[in-house]
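Working notes, beginning with the structure itself.
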Amino acid sequence: MYGLGANAFDLSAVSRIFEVKNRPHFDPLIVHMPSASHLTDVAVDVNPIVNQLADHFWPGPLTLVVPRKDHIPDLVTSGLPTVAIRVPDHSLALSLLNRLDFPLACPSANPFGYVSPTTAQHVADQLGDHISYILDGGPCHIGIESTIVGIENGYPVIYRPGGVTKEQIEDIVGPVNTLTSKVKPVAPGMLKHHYAPNKSIIIGNIADLLDQHGPNQVGILSYSTHFDQVSNKRQIQLSANGSLIEAAQNLFASLRKLDGMNISHIFAELVPERGLGVAINNRLRRAASK
Ligand code: AMP
Ligand code: MG
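Just add 6 to wherever you are in the sequence shown, counting from 1, and you've got my numbering.
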């Protein structure tokens with residue numbers, strides 16, 4: 007994602023993030039740093055599992071929730087006793103972080119609740135009037151937010167599926183549970199309705215939905231199927247040859263495109279529930295949730 011960064015120790019800078027995004031203060035921010043060697047700057051009592059995961063997946067789309075040091079502002083963590091941290095895998099982001107002597111609190115650079123930005127243009131479109139600079143690092147390679155992992159009772163738990171898959175994590179640390187939205191959210195950002203375009207999304211079997219409602223005024227977001235009954239300009243295939251990696255790259259830009267079309271709603275289907283498909287389906291369900 008493109009992120010909106012502020013010095014994590016500067017309260018007025020962090021406040022501006024919440025203001026610009028219209029983000030509620032109960033939703034904590036992820037703190038970004040240039041390497042795992044900075045972990046102990048912000049964390050205490052680091053569980054060996056955290057070190058193992060950091061060694062394997064940083065830089066990369068994995069956020070680790072750890073007990074925090076006291077000097078991290080409450081505004082960053084929403085008053086939680088933990089802080090979420092990550093080392094991003096992008097040369098521009100890393101070179102920025104390496105030049106700073108403080109970590110950056112960065113949520114995605116979009117208005118709260120809306121589809122996340124995967125190009126500099128997406129950021130300019132929505133926040134351009136409110137921010138001073140945009141560093142253009144090209145389109146995002148992965149296209150979906152980080153996987154968030156915490157430790158509960160000594161065991162790793164996935165709070166949000168994302169760019170690192172459950173299978174990849176389990177290869178390193180063994181079985182991992184995922185907290186679903188039915189469980190009381192530990193991470194305030196596990197909000198049901200999120201990542202959503204303004205148009206309403208209906209998830210189901212697209213062919214059946216078209217049979218029931220007809221093809222007029224609808225946009226289609228499919229995994230790889232083309233629907234002849236709908237005009238080409240109103241349908242997007244996330245990956246024509248069925249690659250979950252490509253589907254993740256295209257997801258948010260596709261939702262934005264559909265949101266800009268002259269349609270009344272979007273019919274979408276879930277992708278295979280494995281690998282990156284778990285994170286894609288999580289975003290689709292939350293975008294569709296009312
Ligand atoms: P994003 O808006 O994609 O930058 O992700 C921020 C999300 O990270 C929040 O909405 C929370 O779900 C999660 N998060 C941040 N800090 C914590 C924390 N201390 N404990 C649990 N989850 C956190
Ligand atoms: Mg976000």
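For every residue, glycine included, the Cβ atom is placed at its ideal position computed from N, Cα and C. Just so it is clear, the structure is predicted and the values come from calculations on it, not from any experiment.
* For residue 35, is the beta carbon positioned less than 7 Å from some heavy atom of ligand 1? -> Yes.
* Taking a cut-off of 6 Å, which residues have a beta-carbon closer than that to any heavy atom of ligand 2, in chain order? -> The set of residues with any CB-heavy atom separation to ligand 2 below 6 Å comprises, in chain order, 113, 114, 122.
* To do: Just grab the DSSP bridge partners of residue 241 for me.
  => The partner list for residue 241 (beta bridge, DSSP) reads 226.
* Asked: Around the C-beta of residue 97, are 16 or more other C-beta atoms found within 10 angstroms, so that it is buried, or is it exposed?
  -> By the neighbour-count rule (16 or more Cβ atoms within 10 Å), residue 97 is not buried but exposed.
* To do: Kindly indicate which residue of 115, 120, 18 has the alpha-carbon position closest to the one of residue 82.
  => Answer by Cα proximity: 18.
* Do you know how far the Cα of residue 166 is from the Cα of residue 297? -> Residue 297 lies beyond the stretch modelled for the chain, which goes from 7 to 296, so this question has no answer here.
* To do: Kindly indicate which residue of 256, 184, 251, 250 has the alpha-carbon position closest to the one of residue 242.
  => Nearest neighbour of residue 242 by Cα position, chosen from 256, 184, 251, 250, turns out to be 256.
* Short Cβ contact (8 Å threshold) for residue 40 with residue 100 -> Cβ distance < 8 Å, so residue 40 and residue 100 count as in contact.
* Under the three-state reduction of DSSP, which class applies to residue 13: helix, strand or coil? -> Note: residue 13 maps to strand in three-state DSSP.
* Nearest to residue 1 (by Cα), restricted to the options 94, 46, 122, 63 -> With the chain covering only 7 through 296, there is no way to say anything about residue 1.
* Residues near residue 203 in its chain [Cβ-Cβ closer than 8 Å; skip 5 each side] -> Closer than 8 Å at the Cβ level, and outside the excluded window around residue 203, lie 120, 121, 261, 262, 264, 265, 272, 293.
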